[in-house]
Amino acid sequence: MIDFTLGEKDKKIIIELRKQAEVQRKYARYYDLHEDEILPEEFPESPEFDHIDQMVEERGQDGCTPAVFLILRTIEEFRGDFLKLRGLRTALGNASLTAAGTKEQKKKWGHMLLAMASTEPGCGSDSKAIETTAVLNGDEWVLNGEKIFVTNGIRCDGIVVWATLDKSIGRGAIKAFLVEKNTPGLTLTKKEKKMGIRCSDSDAFVLKDCCIPRENLLGRDETIKVKSGGGFKGLMKTFNLTRPLVSARGLGTILACLEFVTDAMKKEGIEVDWEAGQHKRSAVQQKLIELEAELEVATLTTFYASWLADMGVSNNLEASVSKAKGGDVSRRGAQMALDILGATGITHDHLVEKWFRDARVTDIYEGTAEIQRLVTARALLNYSSADLM
Ligand SMILES: Cc1cc2nc3c(=O)[nH]c(=O)nc-3n(C[C@H](O)[C@H](O)[C@H](O)COP(=O)(O)OP(=O)(O)OC[C@H]3O[C@@H](n4cnc5c(N)ncnc54)[C@H](O)[C@@H]3O)c2cc1C
1247 MIDFTLGEKD KKIIIELRKQ AEVQRKYARY YDLHEDEILP EEFPESPEFD
1297 HIDQMVEERG QDGCTPAVFL ILRTIEEFRG DFLKLRGLRT ALGNASLTAA
1347 GTKEQKKKWG HMLLAMASTE PGCGSDSKAI ETTAVLNGDE WVLNGEKIFV
1397 TNGIRCDGIV VWATLDKSIG RGAIKAFLVE KNTPGLTLTK KEKKMGIRCS
1447 DSDAFVLKDC CIPRENLLGR DETIKVKSGG GFKGLMKTFN LTRPLVSARG
1497 LGTILACLEF VTDAMKKEGI EVDWEAGQHK RSAVQQKLIE LEAELEVATL
1547 TTFYASWLAD MGVSNNLEAS VSKAKGGDVS RRGAQMALDI LGATGITHDH
1597 LVEKWFRDAR VTDIYEGTAE IQRLVTARAL LNYSSADLM
C-alpha cells in the first residue's frame, strides 16, 4: 500500500533540516554574488549539520520509504537555498555509479563525490549523439572528447564520463567510465557564468588521450550491444533516479517563495481564507491557493515516482512526469511570487529574486521540459524513440 506518512524520527529530522535552512539562507546571497571565487566548502562560522546524516542513517524504516524520504529531505534542503547543491552526495555521478556500477565498484567509489558528464557541445537532449570516444589500449581505456556543463566539476573527486566505443553504432556503444580527478589528460577549460544556481559550478572539460584503468568501465561489460540500449540504459536509469530529486529541488525553492509571499501578505493584513468561496477571495488570495494546490500535486507526483523506485518497479514514465510537473510549478511559482510582491520581490533585500533565477534551471537540466513530455508520450503510447523523436 502506498504510504507517505512521516514517522516520529522523520519529524525530528525535519526540525533539524529547518534549522539548517535558516543557516543556508544567511550565506545564499554571498555565494550568488561571488561565483568566480572557489570558496571553502563552508564558512568557518557555519555550524555543522553532520548530525542530520547520522539521524537519517539511524531512522531505519521509520515512516515513508527511503527514496520518498530523500525527496522530502531534498525539498527541505532546497527550501533553505540552492546552496545545498554544493557538494551534494546524491549528485548525478553518484547516481550513475548506482545505476551502472558493479557491487565492487559501488563499494570502491561510493564514498567519493562524483560529477557526471554526458553533455557535449554537439550533444545535449539527444544523449545518444555522444562523440567522446573510449578506445581500449592494453589494460587502459583512452578517452578523447569534450564535456560541458559538468555540475560540481571543480569540487568533485571524480567524474563519470559517458563515452562511445564506436560512434557509428549509437546508443548500444555508449558506456560510463570513472575518471578520477587529477588524471593526466583531463583538463578543466571553463567555469560557466550563469543567471541562477551560481553557488554550484558548471564546468567544461577536455579529455585528451586521458588514460584510465580498464576496470574503471562501470559495469565492466566491454561488449557493444548493436541492437539493444547497452550502457545507454544505465544513463537513462540514472535519470530515473535523479529526475524526481531535481523536481524536489525546484519544489523546495517554490515552497520558500510561497512562505515568503504568505508572510508578506500577512503583514499587509491579507490572509487566505480557505473556507470562503472563490467569489469572496481576492485575486491575490486565489493565486496563493492555486500555487499551494499545484505544489501539492507536484509533490505527490514526485513522491510517487520515488516510491516506485523503492519498490523496484520501473519508474521511467513517473520520473519524467514528476520532473515535467516540478519544473513547470517551479517556473510558474517563482513568477507568481514576483507578480504578487511587485518591486519588493526584485530587490537584493530578499532572496525571492534569486530563487526566481535559481528555479528556472529545474526545467532545463537532466532533460528539458520538452524532453520530459516526449518521454511521457512515448511511455503512454508505447512508442520507441525511433517512433517518436
Ligand atoms: C545548471 C546546469 C547544470 C547541468 N549539469 C549537467 C551535468 O552535471 N552533466 C551533464 O552531462 N549535463 C549537465 N547539464 C546539461 C543539461 O543536461 C543540458 O543542458 C540539457 O540536457 C539540454 O541540452 P542542451 O542545452 O544542449 O539543449 P538542446 O538539446 O540543444 O535543446 C535546445 C532546445 O530544443 C528542445 N529540444 C531538443 N530536442 C527536442 C525534441 N526532440 N523535441 C522537442 N524539443 C526538443 C529542448 O527542449 C530545448 O528547449 C547542465 C545544464 C545546466 C544548465
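In the numbering used here, the protein residues as written are 1247 to 1635.
From the three backbone atoms N, C-alpha and C, an ideal C-beta is built for every residue, glycine too.
All figures in this text were calculated on a predicted structure; none of them were measured in a lab.
Boundaries of the beta strand (DSSP E) in which residue i is found, first to last residue
i, result
"residue 1407", "1404–1410"
"residue 1430", "Taken as a continuous stretch (DSSP letters only), residue 1430 belongs to no beta strand (DSSP E), as it is neither H nor E."
"residue 1449", "1448–1459"
"residue 1394", "1386–1397"
"residue 1628", "Segment: none, residue 1628 is in no beta strand (DSSP E) and carries neither H nor E."
Terminal residues of the alpha helix (DSSP H) in which residue i lies
i, result
"residue 1362", "From DSSP, residue 1362 is part of no alpha helix (DSSP H) but of the beta strand (DSSP E) over 1360–1363."
"residue 1549", "1529–1556"
"residue 1587", "1562–1587"
"residue 1382", "Not the alpha helix (DSSP H): residue 1382 falls in the beta strand (DSSP E), residues 1379–1383."
"residue 1604", "1598–1605"
"residue 1498", "1478–1513"
"residue 1270", "1254–1279"
"residue 1326", "1312–1326"
"residue 1339", "1338–1346"
"residue 1355", "1349–1355"
"residue 1299", "1296–1304"
Ligand 1 heavy atom lying under 7 Å from the CB of residue i
i, result
"residue 1277", "no"
"residue 1362", "yes"
"residue 1443", "yes"
"residue 1440", "yes"
"residue 1611", "yes"
"residue 1395", "yes"
"residue 1370", "yes"
"residue 1621", "no"
"residue 1448", "yes"
"residue 1358", "no"
"residue 1461", "no"
"residue 1635", "yes"
"residue 1499", "no"
"residue 1607", "yes"
"residue 1616", "yes"
"residue 1338", "yes"
"residue 1435", "no"
"residue 1508", "no"
"residue 1344", "no"
C-beta atoms of residue i and residue j nearer than 8 Å
i, j, result
"residue 1458", "residue 1420", "no"
"residue 1346", "residue 1405", "no"
"residue 1492", "residue 1448", "no"
"residue 1407", "residue 1425", "yes"
"residue 1618", "residue 1570", "yes"
"residue 1275", "residue 1600", "yes"
"residue 1254", "residue 1308", "yes"
"residue 1647", "residue 1402", "The structure shown does not extend to residue 1647, since the chain is modelled only from 1247 to 1635, so the question has no answer here."
"residue 1500", "residue 1579", "yes"
"residue 1614", "residue 1371", "yes"
"residue 1391", "residue 1453", "yes"
"residue 1553", "residue 1344", "no"
"residue 1577", "residue 1603", "no"
"residue 1351", "residue 1464", "yes"
"residue 1478", "residue 1573", "no"
"residue 1622", "residue 1317", "no"
"residue 1439", "residue 1294", "no"
"residue 1495", "residue 1250", "no"
"residue 1563", "residue 1626", "yes"
"residue 1456", "residue 1537", "no"
"residue 1385", "residue 1460", "yes"
Presumed contact (8 Å Cβ cut-off) between residue i and residue j, rounded CB distance
i, j, result
"residue 1504", "residue 1541", "7 Å"
"residue 1451", "residue 1513", "Between residue 1513 and residue 1451 the Cβ distance is about 48 Å, and since that is not below 8 Å, they are no contact."
"residue 1489", "residue 1565", "4 Å"
"residue 1610", "residue 1498", "Contact flag wrong, Cβ pair sits at about 17 Å."
"residue 1486", "residue 1428", "The pair is not a contact, with the Cβ atoms about 31 Å apart (cut-off 8 Å)."
"residue 1337", "residue 1359", "6 Å"
"residue 1400", "residue 1434", "7 Å"
"residue 1259", "residue 1302", "6 Å"
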